[in-house]
Structure formats: structure tokens, C-alpha cells
Amino acid sequence: MNTEDNNDFYDDELSRSLISNDFEDDTPHRKKKSKKPLVICLIILLIAAAAGGTAWYMMQRHKPVEATEKFLTGMQNMDFTTMENLLQSHDLSALDDADIRDSAYTDFFTTVNKKMTYKITKNKFDIQNGTARITVHMKYIDGTNIYAATIQEYTRKVAVAAYAGKEMTQDDIQEMLAALLAENASTADEKYSEIDITYPLIKIGSDWKIVSLDDTTVKVMCANFKSVKDEISSQLTDDSTDSSSAAAEDSSTPGSTASAEGTSASIDITTDKFSVRFKQFAISKDYGGNPCLMIYYDYTNSGDSQSSAFVDFTLQASQNGEILEGTYPEASDDAVDNYMSTIDPGKTVTVCQVFLLKDTTSDVTLQGKETLNVSGGQTTSQILKLK
């Protein structure tokens, strides 16, 4: 007998038996396939679709914000092309009314606008109507102090030129203003204002546009000036008109007269920048031999920078309701020179202003006021009895 063959056969049979038993034992434990993976896949797809829809909505909602930010960056950089392209109206003419696009003032407006900062604070978005209202909080240069400093220098330079007999053309004046504004913008203490502006936007095609250029944006860009030339001309004209009117009223009011000595009515004035104290008057001759009135007063510079009586204080004289012209005395006088001299902070000098008289007997009404106070400032008056 071949034992090896029998063993092989046995082993094969045993193997088949074991396999058969294993098969039979496993059969009762088989389970049906689970449906959970399919449900999970569906949930994932729904979440992905919802997330995609939300992302799309948020992207659309942010587009008017992006358009507004580009517009504001255009403001900072004085990029008028970008600003115009982001306006539905494409109208920037209001900037011209404020001299912002005048090449003479480019340096000044570039200096102040690049310091403007902003923050988007609110987005009222209407996807159905394709509109949005974006609210922006801005911090920008308030040019009030720059304006005042420019007026001081401007009036001083114009007066010096006039006394020297130099005629100035409109181009000369504009060039002077531009240079003074640029200089003062770079050296003056920075004063900021803050404001909230709401920009209405509309969707045109795939782009968002700001509906129009509003007055408040122009105000921000021009640092609270409506027009450089108009502001300065208006201020100087108002000062002259107000002083003339007040002088005429004082001279025609019964019972309002008072002598220069021993009276409470005086051109004395005190502000946080300067003070004036009347001293005396004298009748003399001007350089042409005509009778003139010499008004002496002490001027004190109470500010923190150099200034002068000419810059800070406006004095006018009237006789019988007519404004008296300024003139120069026959003899030299240091007090006359002090009128336009630059005085250091804390210093006091005696100043003399000279007026051409109509006659040497009629009362003279003096009218004094702050020159550079935009809100009006203090006004004082005094009547001199010449005889």
C-alpha cells in the first residue's frame, strides 16, 4: 500500500471537509448591505450646495464694498479717473468748483488727501434690486488752521507788495496762494475731523457704481474749503464790509460819542492770540502835506508763533460816515514800521496806524476787530473828538 497516496487523499478530503464546514458556519451570519453611506453622501452634497450658495451670496454682497473701497482709495491718491469710472453719473464737476483739480493746488490737495483714512462700518445689501448702501467712517484733515495761516501770510505778502508799488496779476495771486497752502499743509499741526458718509450704489451689468459724487465727499477732499480763491476773497471782503458798516453806524448814532480819554468805549481788545491797548492819537501831516490822524496802540503777541498787528488786528477810521484812507506820515516813526513787523510770542510793541483826514474838526470813529476769526470774533469801537 502506498501510504503517501493515502495520506494525500486524506488530507484533501479533510481540507474539503473543513472548507465545507466553514462555509456552512458562515452562512447564517451574513447581513444585508447598509444604506447609511448613501444617506451620508446625500447630506454631504446638500451641505456642499448650501455652503456654495452662501459663499456665492457673500461674494456678491462684498462686491459693492470693493467698489466703494476702490473709490475711496482713488480719493486718497487723487486718482480722478478711477473715481469717475466708479460713479454712475461720471460727473466730477463739483471737484472743479472747489479747485481740487486745479493744477495750481495739486500739491496741497495731494498732501491732505493722502492722510485720509476710512473704515467700512455698514453694508445694507439688496440682492434682488441690485442696490446697496455702504456706510464709511472717515478721518480726514481739517484745514481750518491751514486756512488761517494761509490768510495771514497772504494778506501780509499782498500788503507788502502794494506798499512797494508792485502790481500783482491773478496768476501771481494764485501762485502765491498755492505755494502758501502747500507750505502750511506740510508744517501746520495736523488737525483731524471725523465723519460718516453713506454711499448709495447700484449694480450695472456685472459692475457696482456709486450713484453720484456727494457734497460731503467734496468737503472731505478739499479739507473743509469750498473753494480756495472764493474762501479767501470772501473772508477779506466780509472783513472790509463789516468794518465799514459798523463804522458808519457808530458815527450816526446819537449819544454814542466819547472822547479818547476817560471813556469805557475803546478799541482795546484781548484774544487768545493777541491784545491791543489804545494809547493816544495825534494830528500831523502825511508825506504829501495833507492832515492825517496818527493812532497809537500797544500790540502784544499772545500766541505761540510769530505774528504782527497787521495780520491779527483790523483797524478802520471813518469821519462823517466816510471811511478814511491809510497814508504815511511826513516824518519817519518806528511805531509806523511796527505795524507790519513780525513780533515774537510774548512781546509787546507800540504800533501806529495813519489815516488821511477829511477835516481836522469832525469826530473820528475807530472800528477794531479780529482779522482772522472766521466766526466773526470781537469787535470794538471808539470815537475821537478832534476838537
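Sequential numbering from 1 applies to the sequence shown in UniProt numbering. Where is the CB? At the ideal position from N, CA and C, for every residue including glycine.
{"Item": "Coil, strand or helix - Arg101 by DSSP", "Value": "coil"}
{"Item": "Cross-strand partners of Met75 (DSSP beta bridge)", "Value": "DSSP, once it has assigned bridges, lists no residue as partnering Met75."}
{"Item": "Option in Asp272, Leu72, Asn224, Gly368 with minimal Cα separation from Ala265", "Value": "Gly368"}
{"Item": "Residue from Phe109, Ala178, Met168, Gly346 whose Cα sits closest to the Cα of Met221", "Value": "Phe109"}
{"Item": "Any alpha helix (DSSP H) of 4 or more consecutive residues that is wholly inside the UniProt domain \"DUF5067\" (251 to 369)", "Value": "309 to 312, 334 to 338"}
{"Item": "Reduced DSSP category for Thr111 - H, G, I as helix; E, B as strand; rest coil", "Value": "helix"}
{"Item": "Cβ neighbour criterion (16 or more within 10 Å) applied to Ala132", "Value": "buried"}
{"Item": "C-beta contact flag for residue 393 and Lys191 at 7 Å", "Value": "The structure shown does not extend to residue 393, since the chain is modelled only from 1 to 387, so the question has no answer here."}
{"Item": "Strand pairing of Phe125, partner residues [DSSP]", "Value": "Ala132"}
{"Item": "Cα-Cα separation, Leu384 to Asp337", "Value": "23 Å"}
{"Item": "Beta-carbon gap between Cys292 and Val354 smaller than 7 Å", "Value": "yes"}
{"Item": "Any 3 or more C-beta pairs closer than 8 Å across the segment 322 to 332 and the segment 278 to 289", "Value": "yes"}
{"Item": "Within 7 Å, strictly: CB atoms of Asn113 and Met83", "Value": "no"}
{"Item": "Whether Lys115 touches Ile141 by CB criterion (7 Å)", "Value": "yes"}
{"Item": "8 Å Cβ shell around Ser89 - same chain, five flanking residues per side excluded", "Value": "Val211, Ser212, Leu213"}
{"Item": "Between the CA atoms of Tyr154 and Lys209 - distance to the nearest angstrom", "Value": "41 Å"}
{"Item": "Boundaries (first-last residue) of the alpha helix (DSSP H) holding Asp172", "Value": "170 to 187"}
{"Item": "Any non-hydrogen atom of the ligand MN within 6 Å of Gly143 CB", "Value": "For the ligand MN, the structure offers nothing, since it holds no ligand at all."}
{"Item": "Burial state of Asp207 (16 or more Cβ within 10 Å)", "Value": "exposed"}
{"Item": "Burial state of Gln319 (16 or more Cβ within 10 Å)", "Value": "buried"}
{"Item": "Local Cβ density within 10 Å of Asn129, reported as buried at 16 or more and exposed below that", "Value": "exposed"}
{"Item": "Alpha-carbon spacing of Leu386 relative to Thr360, whole angstroms", "Value": "7 Å"}
{"Item": "Classification of Lys273 by the beta-carbon crowding that lies within 10 angstroms, buried from 16 upward", "Value": "buried"}
{"Item": "Residue 419 to Arg101 span [Cα, whole Å]", "Value": "Nothing about residue 419 can be reported from this structure: the residues present for the chain run from 1 to 387 only."}
{"Item": "Same chain only: Cβ atoms within 6 Å of Ser362, ignoring 5 sequence neighbours per side", "Value": "Gln319, Asn320"}
{"Item": "Contact check, Asp312 vs Thr350, beta carbons under 7 Å", "Value": "no"}
{"Item": "Span of the beta strand (DSSP E), counted from its first residue to its last, around Lys209", "Value": "207 to 210"}
{"Item": "Endpoints, alpha helix (DSSP H) assigned at Glu84", "Value": "80 to 85"}
{"Item": "Closest Cα partner of Asp268 within the set Gly74, Leu357, Lys285, Glu370", "Value": "Glu370"}
{"Item": "Buried versus exposed, by CB contacts within 10 Å (16 or more), Ile151", "Value": "buried"}
{"Item": "Cβ-based burial, Gln378 [other Cβ within 10 Å; buried from 16]", "Value": "exposed"}
{"Item": "Close Cβ partners of Lys70 (< 7 Å) along its chain, the five nearest in sequence each way excluded", "Value": "Thr82, Leu86"}
{"Item": "Beta-ladder partner(s) of Asp196, from DSSP", "Value": "His137"}
{"Item": "Beta-carbon proximity check, Ala148 vs Ala188, cutoff 7 Å", "Value": "no"}
{"Item": "Identity of the residue in Ala185, Ala309, Gln316, Gly205 nearest Asp344 by Cα", "Value": "Ala309"}
{"Item": "DSSP bridge partner residues for Ser381 (one or two, in chain order)", "Value": "Gln367"}
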